[in-house]
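The next block holds one structure in the form of structure tokens; read it before the comments.
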Amino acid sequence: MIFEGLADRLQETFKKLRGHGKLSEEDVNEAMREVRMALLEADVNFKVVKGFIKKVQERAIGQNILDTLTPAQVVIKIVNEELTELMGGTQSRINMSPTPPTVIMMVGLQGAGKTTSAGKLGFSLKKQGKHPLLVAADIYRPAAVKQLQVLGEQLEIPVFAMEAGTDAVTIAKSSIDFARSHVNDVVIIDTAGRLHINEELMQELKSIKKEVRPHEILLVVDAMTGQDAVNVAESFNGDLGLDGVVLTKLDGDARGGAALSVKAVTGCSIKFVGMGEKLEALEPFYPERMASRILGMGDVLSLIEKAQTAFDVEEAKKMEKKLRRDEFTLDDFLSQMQQVRKLGSFEQIMGMIPGMGGLKKQLAGADIDLNGKEMKHIEAIIYAMTPKERADVGIINGSRRKRIAMGSGTHVQDVNKLIKQFAEMKKMMKKMKKMQKGHMGLGGFKLPFMH
Amino acid sequence: MGFFDKLKKGLTRTRESFTGKIEQLVMGYADIDADLLDELEETLIMADVGVKTTERLMDAVRRGVKKKEINTPEDLKPFLEARITEILATGSDELHTASEGPTVMLVIGVNGAGKTTTIGKLSAYYKEQGKSVMLAAADTFRAAAIDQLEIWSQRTGAVLIKHEEGSDPAAVAYDAVKAAKARGIDMLIIDTAGRLQTKSNLMEELSKINRVIQREIAEAPHETLLVLDATTGQNAIRQVELFTKAAPITGVVLTKLDGTAKGGVVVGIKSELSMPVKWIGIGEAVEDLRPFDAADFAKALFDK
Ligand SMILES: Nc1nc2c(ncn2[C@@H]2O[C@H](COP(=O)(O)OP(=O)(O)OP(=O)(O)O)[C@@H](O)[C@H]2O)c(=O)[nH]1
Ligand SMILES: [Mg+2]
């Protein structure tokens, strides 16, 4: 099921009114129904949606429709701006104390991702030249202490733990003394997951806070959270006074409306996002990206960033040149595919580009599968070719095809298919090149093989 | 405490806010008008029922008004309760067991949903019924996941099958099925690593685990349970859709219903995917697991 993004839906709504006059109240109301739907489907809290729609409505009614923008684009622009503003600026920084150690407390519901985030945060700070200490204060979940110890070992960050039976407040308190005597300038306390309505356990957090006076209390929130996110955030904020939010599991396909809800009810910035189980650094939070993700309009900026890290710049320039001169070979094809694969599955990539729904369907028809098994086959086939063949598929006749199939452990049909795919890909790239120049509004984004 | 009381207790907050809200609505309006319906819609959406299912329910309410099945605001609550029960009761919620040899349960879900804890609870549940239970630590990925399951096996007196951290989870499953057969175990429950449904390599890994089990016992896994956090919003639908492609789900376990999350997502899942809910989790202790009962669930949601 491909989610038809808000952009597509609004385009549909406004089909009849392309480009004239002002946006009437009726037009706007109709558009707002779509916006509301998109936000609710993205799990933004009902009340937050209500307030938001009201604001956008006021701004949109009577807005002039410029020649350069369609009515749908005018509405999207307003929605996007308001959403981005509501989401706040980028503030991916920890308040460092002038007198070390800086104390950070990770809090949240069960299963939100506190321990992993604590590890990632420690790793980020370590990379910045700090000497963090991880503190295992989850005394309830079986093997929670061990989990943090294993992470610490992997990251080469010391972990402070005390013998079983010690209460969490004592552990937290003792960890500060330990940090002082061991020259750890940042202390990250991993607390047990708890329900915001569990008074006893919320009291435990308050006691820890009182004892260690943290400089940062970070609420860890699962990006998949539904309507209840506001209750959770309100309670934790009310009881502890939050300084920031970490949004986890954003590498999935949740639209992440909880981000908006949490921001709206606590006023706290989302400081970092978690994008995977691997112990990489926590990633900064970008409000504009989140806004378009919530609206189902793709995540172009994330794609750009991913593309930038995955693609080698020099390589990219070379490819561009080759493409322009139509010198693109199967060797290049292979290396491009290998690079594209680093970005994620082809479907995921397409999902990140707004308005690509149609192209996605077209590609499905072209039978291009850049994932898994087929990729391995393609690799094997290309490796079984001679350099000459790779440079010029034109020379690959029947007997060569047979030899290549044998050499790669595939069938002649597979070889035929690849050669056909290669031709399709060249065609597709031409198409994408055109599209990029055209109206798709991909901004500065370009895959290295497009210009 | 009986099942119904415990469930009621677990759902008190849900019920208070949900029923309270509807009662408030009923008191506040003499007639059923657009505002009243709007607020009703709000209540459903705030319970994570989802836009689509809410629309369906609201359509039913509007039809009910037209057909004079609903005449006063007081009729709304019983009407909705009946509709929701109806949705929840479709499909079979029965638990599949092996006719002979071990019953194999595969437990899957996203990260942090409550899989391992649920397995601990299931282990206790079957032990109490006098069954022999074996747990398989096929989450070989997450740090200390094996230790976590081991503690649950000790707590509940279950046999544990484990390999090294980082080893092939399918191999753990294979060994466990072999061992369960050889030792005449009644229930084999397999823990798996949490994974997001969008990770194709991890979903492929899950298929492989499933295939390995199937190769040993053709009807197994008898139950493939997707563990769902009740706090989850609409992404739950995607989870059910994609997980079932990798390992056909026989039922859902809805955890963390002891919080303020309404668990309304179950109604959405039932109505859109007709996937049965088999268990609910209402706490972190061994006894906090209950078989799902559609009627009781709906009643507890609305009952005083
Ligand atoms: N309040 C409450 N907490 C629960 C429930 N079920 C599980 N938990 C808690 O949720 C947290 C995560 O549970 P786990 O069982 O470790 O979840 P998991 O799915 O195995 O997690 P991973 O293996 O890391 O993906 C733990 O702190 C559990 O105690 C429940 O029904 N209610
Ligand atoms: Mg687990």
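So the protein lines, in turn, are chains A and B.
For what it's worth, the working numbering labels the leading residue of the first sequence as 9, then goes sequentially.
For what it's worth, the working numbering labels the leading residue of the second sequence as 1042, then goes sequentially.
Note that beta-carbon positions come from the ideal geometry of N, C-alpha and C, so glycine has one too.
This structure is a prediction, so every number in the text was calculated from the model and none was measured.
Under the three-state DSSP convention, the category residue i falls into
{"i": "Leu1256 (chain B)", "result": "The displayed chain sequence assigns Arg, not Leu, to residue 1256 (chain B). Reduced to three states, the DSSP call for Arg1256 (chain B) is helix."}
{"i": "Gly417 (chain A)", "result": "coil"}
{"i": "Ala1177 (chain B)", "result": "strand"}
{"i": "Ala145 (chain A)", "result": "strand"}
{"i": "Asp1089 (chain B)", "result": "coil"}
{"i": "Glu224 (chain A)", "result": "strand"}
{"i": "Leu1266 (chain B)", "result": "strand"}
{"i": "Thr256 (chain A)", "result": "strand"}
{"i": "Met1316 (chain B)", "result": "coil"}
{"i": "Met1228 (chain B)", "result": "strand"}
{"i": "Pro166 (chain A)", "result": "coil"}
{"i": "Asp1076 (chain B)", "result": "helix"}
{"i": "Pro109 (chain A)", "result": "coil"}
{"i": "Pro79 (chain A)", "result": "helix"}
{"i": "Pro292 (chain A)", "result": "strand"}
{"i": "Pro1332 (chain B)", "result": "strand"}
{"i": "Pro1289 (chain B)", "result": "coil"}
{"i": "Lys384 (chain A)", "result": "helix"}
{"i": "Val240 (chain A)", "result": "helix"}
{"i": "Val1151 (chain B)", "result": "coil"}
Contact with chain A by residue i, beta-carbon distance below 9 Å
{"i": "Trp1320 (chain B)", "result": "no"}
{"i": "Leu1266 (chain B)", "result": "no"}
{"i": "Ile1086 (chain B)", "result": "yes"}
{"i": "Phe1284 (chain B)", "result": "no"}
{"i": "Gln1255 (chain B)", "result": "no"}
Assumed close pair residue i, residue j - CB separation to whole angstroms, cut-off 8 Å
{"i": "Leu287 (chain A)", "j": "Leu250 (chain A)", "result": "Contact flag wrong, Cβ pair sits at about 24 Å."}
{"i": "Val1293 (chain B)", "j": "Val1281 (chain B)", "result": "7 Å"}
{"i": "Ile1073 (chain B)", "j": "Pro1119 (chain B)", "result": "Going by Cβ atoms, the distance from Ile1073 (chain B) to Pro1119 (chain B) rounds to 14 Å, so no, they are not a contact pair."}
{"i": "Ile390 (chain A)", "j": "Arg398 (chain A)", "result": "6 Å"}
{"i": "Ile1230 (chain B)", "j": "Ala1179 (chain B)", "result": "Contact flag wrong, Cβ pair sits at about 10 Å."}
{"i": "Ala1211 (chain B)", "j": "Lys1249 (chain B)", "result": "5 Å"}
{"i": "Ser1312 (chain B)", "j": "Thr1094 (chain B)", "result": "5 Å"}
{"i": "Lys217 (chain A)", "j": "Leu248 (chain A)", "result": "6 Å"}
{"i": "Asp126 (chain A)", "j": "Asp198 (chain A)", "result": "It should be pointed out that residue 126 (chain A) corresponds to Ala in this sequence rather than to Asp. Confirmed, Cβ separation roughly 4 Å."}
Closest residue to residue i among the options (Cα-Cα distance)
{"i": "Met283 (chain A)", "options": "A:Asp230, A:Ser243, A:Val238 and A:Asn192", "result": "A:Asp230"}
{"i": "Lys1162 (chain B)", "options": "B:Gly1300, B:Pro1114 and B:Thr1296", "result": "B:Thr1296"}
{"i": "Ile102 (chain A)", "options": "A:Ala50, A:Asp236, A:Gln136 and A:Asn72", "result": "A:Gln136"}
{"i": "Val111 (chain A)", "options": "A:Glu242, A:Glu285, A:Pro222 and A:Val240", "result": "A:Pro222"}
{"i": "Leu1129 (chain B)", "options": "B:Pro1332, B:Ala1326 and B:Ser1315", "result": "B:Ser1315"}
{"i": "Pro1262 (chain B)", "options": "B:Asp1079, B:Ala1221 and B:Gln1275", "result": "B:Ala1221"}
{"i": "Gly116 (chain A)", "options": "A:Asp35, A:Phe244 and A:Gly406", "result": "A:Phe244"}
{"i": "Val220 (chain A)", "options": "A:Gln162, A:Ser416, A:Ile184 and A:Asn405", "result": "A:Ile184"}
{"i": "Leu255 (chain A)", "options": "A:Gly264, A:Leu31 and A:Val281", "result": "A:Val281"}
{"i": "Ala246 (chain A)", "options": "A:Lys30, A:Ile225, A:Pro166 and A:Val52", "result": "One detail in the question is off: residue 246 (chain A) reads as Gly in this sequence, not Ala. Among A:Lys30, A:Ile225, A:Pro166 and A:Val52, the Cα nearest to that of Gly246 (chain A) belongs to A:Ile225."}
{"i": "Lys1286 (chain B)", "options": "B:Gln1255, B:Val1308, B:Gly1322 and B:Ser1241", "result": "B:Ser1241"}
{"i": "Met383 (chain A)", "options": "A:Phe341, A:Asp198, A:Val401 and A:Thr394", "result": "A:Phe341"}
{"i": "Glu296 (chain A)", "options": "A:Glu33, A:Gln429, A:Gly97 and A:Lys30", "result": "A:Gly97"}
Partners in chain A for residue i, counting only beta-carbon separations shorter than 8 Å
{"i": "Ile1192 (chain B)", "result": "Pro150 and Ala151"}
{"i": "Asn1152 (chain B)", "result": "Gly119, Gly121, Lys257 and Glu285"}
{"i": "Gly1013 (chain B)", "result": "Outside the shown range of chain B, which is 1042 to 1345, sits residue 1013 (chain B), and nothing can be said about it."}
Listed by chain order, chain A residues near residue i by CB distance under 7 Å
{"i": "Val1092 (chain B)", "result": "Met45, Leu48 and Glu49"}
{"i": "Leu1237 (chain B)", "result": "Lys257, Asp259 and Gly260"}
{"i": "Lys1297 (chain B)", "result": "Gln118"}
Test: residue i CB closer than 9 Å to a CB of chain B
{"i": "Gly246 (chain A)", "result": "no"}
{"i": "Gln81 (chain A)", "result": "no"}
{"i": "Thr233 (chain A)", "result": "yes"}
{"i": "Ile205 (chain A)", "result": "yes"}
{"i": "Gln99 (chain A)", "result": "no"}
{"i": "Asp230 (chain A)", "result": "yes"}
{"i": "Val254 (chain A)", "result": "no"}
{"i": "Gly265 (chain A)", "result": "yes"}
Contact list for residue i against chain B, beta-carbon separation under 7 Å
{"i": "Phe54 (chain A)", "result": "Glu1083, Ile1086 and Met1087"}
{"i": "Val115 (chain A)", "result": "Near Val115 (chain A) there are no residues of chain B at all, since even the closest Cβ is about 15 Å away, more than 7 Å."}
{"i": "Leu159 (chain A)", "result": "Ala1184"}
Per-residue contacts from residue i into chain A (C-beta, under 9 Å)
{"i": "Thr1301 (chain B)", "result": "Leu203, His204, Ile205, Asp236, Asn239, Val240 and Ser243"}
{"i": "Val1306 (chain B)", "result": "Gly234"}
Chain B contact residues for residue i, given Cβ-Cβ distances below 9 Å
{"i": "Lys154 (chain A)", "result": "Ala1184, Ala1185, Asp1188 and Gln1189"}
Where residue i meets chain B, residues with beta-carbon distance less than 8 Å
{"i": "Val87 (chain A)", "result": "None at all; the shortest Cβ gap to chain B is about 18 Å."}
Contact residues within the stretch 1269-1281 of chain B, judged by C-beta distance below 7 Å to chain E: The structure shown contains no chain E; the protein chains it does contain are A and B.
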